[in-house]
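As given, the protein sequences belong to chains E and F, one line each in that order.
Just so we're aligned: the first sequence equals residues 1 to 283 in the working numbering.
Just so we're aligned: the second sequence equals residues 1001 to 1308 in the working numbering.
Glycine included, C-beta positions come from ideal geometry on N, C-alpha and C.
Predicted model, so just to flag it, every value in this text is computed and none were measured.
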Amino acid sequence: MKVWVLSLLIVLIVIGVILASSAFYVLDQTQQAVVLRFGKIVAVETEPGVHFKQPFVDNVVRFDKRILLYDIEPEKIIAADKKTLVIDTYVLWKIKDPEAFIRSLKNVNLALPRIDDVVYSHVRNIFAKANFDEIISEKREDLLKKVTELSREDLKEFGIEVVDVRVKHADLPEENEAAVYERMRAERYSIAAQIRAEGEKEARKIRAEADKTAKVLIAEAQSKAEQIKGTGEASAVKIYAEIFSKDKDFYEFWRTMEVYKSIEGGILLVGDELDALRYLISK
Amino acid sequence: MRKYVWIIIGVILAVYFLTGVYQVGPSEVALLKTFGKFTAVVPSGIHYHLPYPFQSHVKVDVTTVRKIEIGFRSVQRGDRISYESVPGESIMITGDNNLVSVEAVVQYRVKDPVAYAFNITEADSIVRFTTESVLREKVAMRNIDDVLTVGRDEIGLETAKMLQKILDSYDCGIKIENVYLQEVVPPEPVVNAFDDVNNARQNKERLINEARKYANDIVPKAQGQAQEILRQAEAYAQEVYLKALGEAKRFDEILEEYTKAPDITRKRMLLDALQSILEKVQNKIIFVGNAGSLNVLNISDILKEMGK
């Protein structure tokens, strides 16, 4: 073989590769494509693999087939009960119909503002009919379903499928937060005051209970003590009564004498009838 | 000369075909694509496929648990990991219109590498946004006290469940392993007020304990005092009774003697008593005479005179 034969072979291979690469294109599993001929759509390919096109004439525009995420900037909205809140939404979407997509929106960069407009206007419409409390809690799921459906309907003609619209955040605007904090503080301090007062109440109750128990204990003891004393005294009285009945006259005399003996100090005034002094007085 | 050309061509071809060698790590699988179309799942090890543009592969880590932090970020500085909170993410509104700071960690893994690689883009962001969305909904369904205390675990579980449901609806091949709530606390501007409630609880306990201490002191003392009163009463009763008994005995004795000679005993006893009085009383005055003229004798003087 001559050198020129070899060179020709190489040139032919190169030309072949160039021809093949312009006549065939490989579509990835994640892609779909629109084939354009002088700006006109001639084919739409959604299946991965090798596909044929007219060499040098057809232009292949590829789009992602996967779910795309679009994070919409947070916006303030006013709920039905006139409360303002900041809603931060995001959209999961995909290009369902590349032909319609390229016709109406050309590319992803131009599609995003359109998605933004549609979704945001539905969020505003739907959420504005709900109360603040509904937006932030259970009912949100239903509201979002509605937003998703409406957005899906509106964006269908652009070849876009809205997979899901969700609210990442639904928050109070910053200027309202301060008021909420103020209220929370007041609430907590009032709870604290109540707890302290309850403590005081409990403590007083316990003290009063104790005071009562103590007083009752002593009163009961005193009452019982009186009874005991009474019993003792009664026994004594009985004994005295028995003595008394043995010789009433003498007992009286004897007791009187005992009393006399117990007199101490002071001045003694004695009448002259006192028999024992008769010798003294007759003088 | 020609030989060299063939060698060069051979080397070029060899290098070209060698680009088809690839390695799949132990935690990975490779998805083999032939002309862009997915054809096979390849396990870990060294493998070969036809070079570009015939075949290609993507690798997906299927065993490693991935982690997303919500409300905070861990920052690695040298060997140490520190945490920075992200208030914009962590502050959430509760069902009773209070604000609470919730930090959470989501752990997930790829359960279906084919769906993961070919159905979605930005997997991390999708997981993060969906978690934030669900977590906030769950927090908003409870009041603040529940979120701070008993609701914690439930919120984590419910969020994980709901999250999985939503992600499955996207068919993105992601398995949520766990949603762990980390720090769930009152937001910084109201921390003091919340602390005050805790202090108040302590105060309450203290007041009650002090009252109990008082009760524990006063009641036993009163019991003691009651016992004292009772014993004193018993002592008195015994005393009175015994005294009467003694007196009775004594009287019995005297009476016995008395009956033997009543008159003389009587007199003697009278004089005894008189003597006792006279000894113990300092000033003794005797009235003499009738009601009209009252003579007063000072018995001390009389006795003094008598003594002379």
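Assigned exposure category for residue 1056 of chain F - 16 Cβ within 10 Å defines buried = buried
Taking the DSSP output, what are the residues bridged to residue 1040 of chain F?
-> F:1032
By Cβ distance, which residues of its chain are closer than 7 Å to residue 1185 of chain F, with the 5 residues on each side in sequence left out?
-> 1101
Per-residue burial, residue 1028 of chain F [other beta carbons within 10 Å of its own, 16 or more giving buried] | buried
Contact residues within the stretch 196 to 207 of chain E, judged by C-beta distance below 7 Å to chain F | 196, 198, 199, 200, 202, 203, 206, 207
Verify whether the separation of the beta carbon atoms of residue 130 of chain E and residue 80 of chain E is less than 8 Å.
-> yes
Which class does residue 1259 of chain F belong to by DSSP, given the choice of helix, strand or coil?
-> helix
To the nearest whole angstrom, what separates the beta carbons of residue 94 of chain E and residue 66 of chain E, a pair I think is in contact under 8 Å?
-> 7 Å
Supposed contact pair residue 27 of chain E and residue 20 of chain E - C-beta distance, whole angstroms, cut 8 Å | Actually they do not touch by this definition, with Cβ atoms about 15 Å apart.
Helix, strand or coil: which one does DSSP assign to residue 1151 of chain F?
-> helix
Whole-angstrom distance between residue 1036 of chain F and residue 1108 of chain F, CA atom to CA atom = 28 Å
Buried or exposed: which applies to residue 1173 of chain F, given that a residue is buried once 16 or more other Cβ atoms fall within 10 Å of its Cβ?
-> buried
Cβ contact (3+ pairs, closer than 8 Å) linking the stretch 1204 to 1221 of chain F and the stretch 1116 to 1127 of chain F | no
Starting from the Cα of residue 1105 of chain F, find the closest Cα among F:1073, F:1133, F:1118 and give me that residue.
-> F:1073
Apply the 10 Å Cβ neighbour rule to residue 8 of chain E and answer buried if 16 or more other Cβ atoms are within range, or exposed otherwise.
-> exposed
Should residue 1070 of chain F be labelled buried (16 or more other beta-carbon atoms within 10 Å of its own) or exposed?
-> buried
Secondary structure of residue 131 of chain E, DSSP reduced to three states = coil
Check whether the Cβ atoms of residue 88 of chain E and residue 167 of chain E sit closer than 8 Å, and answer yes or no.
-> yes
Which two residues bound the contiguous beta strand (DSSP E) that contains residue 138 of chain E?
-> That residue, residue 138 of chain E, is in no beta strand (DSSP E); it is neither H nor E in DSSP.
CB contact flag (residue 64 of chain E, residue 1130 of chain F, <8 Å) | no
Contacts of residue 1184 of chain F in chain E (Cβ-Cβ under 9 Å) = Neighbours of residue 1184 of chain F on chain E: none; closest Cβ ~15 Å, over 9 Å.
Reference residue 59 of chain E, options E:82, E:35, E:50, E:204, closest by Cα | E:35
Which residues DSSP lists as bridging residue 1175 of chain F, in chain order = F:1109
Along chain E, in chain order, which residues have C-beta atoms closer than 7 Å to that of residue 1159 of chain F?
-> Under the 7 Å cutoff, chain E gives no residues; its nearest Cβ is about 14 Å from residue 1159 of chain F.
Residue 84 of chain E, enclosing beta strand (DSSP E) - first and last residue | 84 to 95
Note down, in chain order, every chain E residue with its Cβ under 9 Å from the Cβ of residue 1111 of chain F.
-> In chain order: nothing, as chain E lies at least about 17 Å away.
Between the stretch 117 to 125 of chain E and the stretch 186 to 205 of chain E, do three or more beta carbon pairs fall short of 8 Å?
-> no
Going along chain F in order, which residues have a C-beta closer than 9 Å to the C-beta of residue 16 of chain E?
-> What residue 16 of chain E touches in chain F: nothing, since even the nearest Cβ is about 14 Å away.
Per DSSP, what kind of secondary structure is residue 283 of chain E in: helix, strand or coil?
-> Model confidence at residue 283 of chain E stands at a pLDDT of 45, short of 50, so the residue's coordinates are unreliable; what they give is reported in the following sentence. DSSP places residue 283 of chain E in coil when its eight states are reduced to three.
For residue 1262 of chain F and residue 236 of chain E, the rounded distance between their alpha carbons = 27 Å
Burial state of residue 159 of chain E, where buried means 16 or more other Cβ atoms lie within 10 Å = buried
When the Cα of residue 163 of chain E is compared with those of E:139, E:90, E:176, which residue comes out closest?
-> E:90
What does residue 1129 of chain F reach in chain E if we use C-beta pairs closer than 8 Å?
-> 69, 71, 90, 166, 168
Helix, strand or coil: which one does DSSP assign to residue 156 of chain E?
-> helix
Closest Cβ-Cβ distance between residue 159 of chain E and chain F: below 8 Å?
-> no
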